[in-house]
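**Student:**
In UniProt numbering, the protein residues as written are 1 to 155.
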């Protein structure tokens with residue numbers, strides 16, 4: 001996978017569906033460090049539907065602002081808390097949260113381990129994925145899957 005991935009076509013397609021359905025989107029990011037929000041904010045009419053996001057790279061921000069319980073931050077519990085708190089803070093119908101380990105060295109989890117939280121109109125779920133590659137590959141795959149989660153809410 002290339003370390004530079006163009007998500008503009010995907011985001012433009014999502015933007016059309018988001019505008020048509022009249023919903024709002026927000027994100028909570030750790031692993032992606034604001035890259036997911038950056039991609040969404042470049043999409044057409046983003047000012048109408050993209051509420052914003054929280055970049056909670058440091059665990060203290062996850063514990064404090066996003067109300068993640070003390071413990072591992074690369075976990076289902078963290079992803080669920082991140083997404084639920086962000087949905088409340090931003091009053092958005094679709095919220096995605098990402099927390100994971102890109103590598104190259106393991107920390108709390110093996111490199112490539114990513115937990116995704118999804119809040120769709122108050123229904124919270126979490127999914128664990130294992131991605132291969134260098135850190136930039138994991139980042140790109142994480143953004144791509146996050147966009148897939150948003151798309152799944154629009155079907």
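All C-beta atoms in this analysis are idealised placements derived from N, C-alpha and C, irrespective of residue type, glycine included.
Note that the structure is predicted; figures quoted are calculated from it, not measured.
Using three-state DSSP, classify residue 62 as helix, strand or coil.
**Tutor:** Residue state, collapsed to three classes: helix.
**Student:** Can residue 126 and residue 70 be called in contact, C-beta distance under 8 angstroms?
**Tutor:** Contact flag unset, no.
**Student:** Would the beta-carbon of residue 14 fall within 8 angstroms of that of residue 151?
**Tutor:** Yes; because the gap between Cβ atoms is below 8 angstroms, this pair is in contact.
**Student:** Determine the closest residue to residue 41 out of 74, 53, 136, with distance taken between C-alpha atoms.
**Tutor:** Answer by Cα proximity: 53.
**Student:** With 16 other CB atoms within 10 Å as the buried threshold, where does residue 140 fall?
**Tutor:** Residue 140 comes out buried.
**Student:** Give the secondary structure of residue 43 by DSSP, where H, G and I count as helix, E and B as strand, and everything else as coil.
**Tutor:** DSSP places residue 43 in coil when its eight states are reduced to three.
**Student:** Along the chain, where does the beta strand (DSSP E) that runs through residue 123 open and close?
**Tutor:** 123-130 is the span of the beta strand (DSSP E), which, as asked, contains residue 123.
**Student:** Work out the CA separation of residue 108 and residue 102 for me, nearest whole Å.
**Tutor:** Approximately 11 angstroms between the Cα atoms of the pair.
**Student:** Candidates 57, 86, 45: which alpha carbon is nearest residue 12's?
**Tutor:** Selected option, being the one with the closest Cα: 45.
**Student:** Looking only at its own chain, which residues have a Cβ that is under 7 angstroms from the Cβ of residue 67, when we skip the five neighbours before and after it?
**Tutor:** So the list reads 81, 85, once near-sequence residues are dropped.
**Student:** State the DSSP-derived secondary structure class of residue 32, mapped to helix, strand or coil.
**Tutor:** If DSSP states are grouped into helix, strand and coil, residue 32 belongs with coil.
**Student:** On the CB-based measure, 16 or more other CB atoms within 10 Å of its CB, does residue 104 come out buried or exposed?
**Tutor:** So residue 104 counts as exposed.
**Student:** Considering only residues of the same chain and omitting the five flanking positions on each side of residue 115, which have a CB-CB separation below 7 angstroms?
**Tutor:** Contacts found: 74, 75, 76, 78, 79, 99, 100, 126, 128.
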